[in-house]
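Q:
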Amino acid sequence: ADPYRGRLLRVKASVPSGTVLLVDTPSAIIPSSTSPDAALVCSNLACSRRVPQDGPHIGGVPCPNNCIREVIWCDATCLRADYSRHQFECLWLKTNASVMRQQETEYDFVTLWHVVRLLSGRDLEMRCRPSQSPGQLPWEKDWGRHWKAVDMCCSYLSSWPESQLKHWRRLVETYLIGTALPPLSLTPTELLDIVCKEETNTFALYPKLTGPLYMIDQPVPRGDSYGLGLYPRAARFNHSCLPNVSHKPDEQGRMVYTAAREISAGEEALISYFDLTKFTTLEERREHVKVHFRFTCDCARCTEERAEENLLNIESLPFGIF
25 ADPYRGRLLR VKASVPSGTV LLVDTPSAII PSSTSPDAAL VCSNLACSRR VPQDGPHIGG
85 VPCPNNCIRE VIWCDATCLR ADYSRHQFEC LWLKTNASVM RQQETEYDFV TLWHVVRLLS
145 GRDLEMRCRP SQSPGQLPWE KDWGRHWKAV DMCCSYLSSW PESQLKHWRR LVETYLIGTA
205 LPPLSLTPTE LLDIVCKEET NTFALYPKLT GPLYMIDQPV PRGDSYGLGL YPRAARFNHS
265 CLPNVSHKPD EQGRMVYTAA REISAGEEAL ISYFDLTKFT TLEERREHVK VHFRFTCDCA
325 RCTEERAEEN LLNIESLPFG IF
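Going by the numbering used here, the residue at position 181 of the sequence shown is 205; the numbering climbs one at a time, nothing skipped.
1) Start and end of the beta strand (DSSP E) containing Ala283?
2) Provide the residue span of the beta strand (DSSP E) that contains His110, from first to last.
3) Which same chain residues end up closer than 6 Å to Tyr28 when comparing Cβ atoms and leaving out the 5 residues on each side of it in sequence?
4) Could you spell out the range, first to last residue, of the alpha helix (DSSP H) harbouring Asp32?
5) Would you kindly check if the distance between the Cβ of Leu300 and the Cβ of Gly247 is under 9 Å?
6) When the Cα atoms are used, what is the spatial distance from His170 to Ser57?
7) If you compare alpha carbons, which of Leu117, Asn68, Gln276, Val174 is closest to Tyr255?
8) Under DSSP, the beta strand (DSSP E) around Leu208 begins and ends at which residues?
9) Determine the contact status of Leu103 and Pro88, defining contact as a CB-CB distance below 9 Å.
10) Let me check understanding here. Comparing Cα to Cα, which of Pro245, Arg125, Val315, Pro231 lies closest to Gln188?
11) Would Glu222 and Leu142 qualify as a contact pair, given that the criterion is a beta-carbon distance under 9 Å?
12) Could you check if Gln126 is buried or exposed, using at least 16 other CB atoms within 10 Å of its CB as the buried criterion?
13) I need the boundaries of the alpha helix (DSSP H) containing Ser144, first residue and last residue.
14) Of all the options Leu46, Arg34, Pro50, which has the alpha carbon lying nearest to the alpha carbon of Ala228?
15) Shortest alpha-carbon distance to Thr119 belongs to which of Arg310, Tyr199, Ser59?
16) Please classify Val44 as buried or exposed, where buried requires at least 16 neighbouring CB atoms within 10 angstroms.
17) Run through DSSP, which three-state label would Asp322 get?
18) Quick one: what does DSSP say Trp97 is sitting in, helix, strand or coil?
19) Under 8 Å: do the stretch 292-299 and the stretch 272-279 share three or more Cβ pairs, one atom per stretch?
20) Taking the beta carbon of His81 as the centre, do at least 16 other beta carbons fall within 10 Å, making it buried, or is it exposed?
21) State the DSSP-derived secondary structure class of Glu291, mapped to helix, strand or coil.
22) Which word fits Ala2, buried or exposed, when buried means at least 16 other C-beta atoms lie within 10 angstroms of its C-beta?
23) State the Cα-Cα distance for the pair Ala37 and Lys172, rounded to the nearest angstrom.
24) From the DSSP output, which residues share a beta bridge with Lys190?
25) Would you kindly report the start and end of the unbroken beta strand (DSSP E) that includes Asp175?
Have a look at this one:
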């Protein structure tokens, strides 16, 4: 960890361009598109493939209890593999999905559903302990695995506006406590902390690459988001408007992080938190980062462009430069 930047990822040795730095598996994934024709995501976390809902290849197996349309599996094999976990969320979805979509925002529903999916993984892990749990892997101490990896994520609880925390507290008390969920053994404060972790560490899944503009001659937008996933290890990447790492989900929802250029030994590995083709000017990027990620970007690109902007402002003064 850095005393000023917090947790970060720094390479120990020189990394050639094109090197895969990290392939991170999500702790939970949910589909995010609201279009009825958009492909969904297989609810079996070990699969997480896209399931077409339009065209000649439409398919998938819906929930036997018809909880919501967005819950689907590739086939009966994925349903059987995931059904024990899904039982945790099924009644909650049947009870709350329609109500939340009418009385709250779609964003609020998606956020809480993602939290419930995280909790369903926690519940399954607790039920299979200890005899079915595999031994600890060498990297688990620093990176964590399963629920421990989620628990290690930062929530930045103290940095959220009180108005936002008040809103989430109400959602937690209304839809997570004493509702259609099995006993959680979690306090309201702990649940609020999990909501904050979900908000802070979730990545949207896009069909195209998210990365620096210099990688290709004619950058194209990364497309519309089709899913949301919490990637606990990848959450350690910091943002830059001139990133040296690109990322894109593979066919199974794993997020693949690749060196976009040669990265020198000791250099921090940085990604872009947003589509750089959509926010091109310094003002647009700073505003987007401020609103959606709640920090001021001081990356090399923003610092250089801000210095150039300040110089132009000074040169435009009537008395010139002293």
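Note that CB positions come from ideal geometry on N, CA and C, so glycine has one too.
A: Checking against the coordinates, here is how it stands:
1) Looking at the DSSP string, the run of the beta strand (DSSP E) that includes Ala283 is 279-283.
2) Annotation: His110 is outside any beta strand (DSSP E); the continuous alpha helix (DSSP H) that includes it extends over 100-127.
3) At Tyr28 the pLDDT is 49, less than 50, meaning the model places this residue with poor confidence and gives no usable figure here.
4) Before going further, note that residue 32 is Leu rather than Asp in the sequence given. DSSP places Leu32 in no alpha helix (DSSP H); its state is neither H nor E.
5) Between Gly247 and Leu300, the gap from beta carbon to beta carbon reaches 9 Å or more.
6) If you draw a straight line from the Cα of His170 to the Cα of Ser57, it comes to about 26 Å.
7) Taking only the C-alpha atoms, the option nearest Tyr255 is Val174.
8) Careful: Leu208 lies outside any beta strand (DSSP E) and carries neither H nor E.
9) Taking 9 Å as the Cβ cut-off, Leu103 and Pro88 qualify as a contacting pair.
10) If you compare the alpha carbons of Pro245, Arg125, Val315, Pro231 with that of Gln188, the shortest gap goes to Val315.
11) Going by C-beta atoms, Glu222 is nearer than 9 Å to Leu142.
12) Around the beta carbon of Gln126, fewer than 16 other beta carbons sit within 10 angstroms, so the residue counts as exposed.
13) 130-152 is the extent of the alpha helix (DSSP H) around Ser144.
14) Among Leu46, Arg34, Pro50, the Cα nearest to that of Ala228 is on Pro50.
15) Of the residues Arg310, Tyr199, Ser59, the one whose Cα lies closest to the Cα of Thr119 is Tyr199.
16) Counting Cβ neighbours within 10 Å, Val44 comes out exposed, since fewer than 16 surround it.
17) Asp322: coil per DSSP, three-state reduction.
18) Taken through DSSP and simplified to helix, strand or coil, Trp97 comes out as strand.
19) Pairwise C-beta distances place the stretch 292-299 out of contact with the stretch 272-279, as fewer than three of them are shorter than 8 Å.
20) Only exposed fits His81, as fewer than 16 other CB atoms lie within 10 angstroms of its CB.
21) Shown here, Glu291 sits in coil according to DSSP, grouped into three states, outside any helix or strand.
22) Because residue 2 is not part of the residues shown, which for the chain are 25 to 346, the question remains open.
23) The straight-line gap from Cα to Cα measures roughly 28 Å.
24) According to DSSP, Lys190 bridges with nothing at all.
25) Not the beta strand (DSSP E): Asp175 falls in the alpha helix (DSSP H), residues 171-175.
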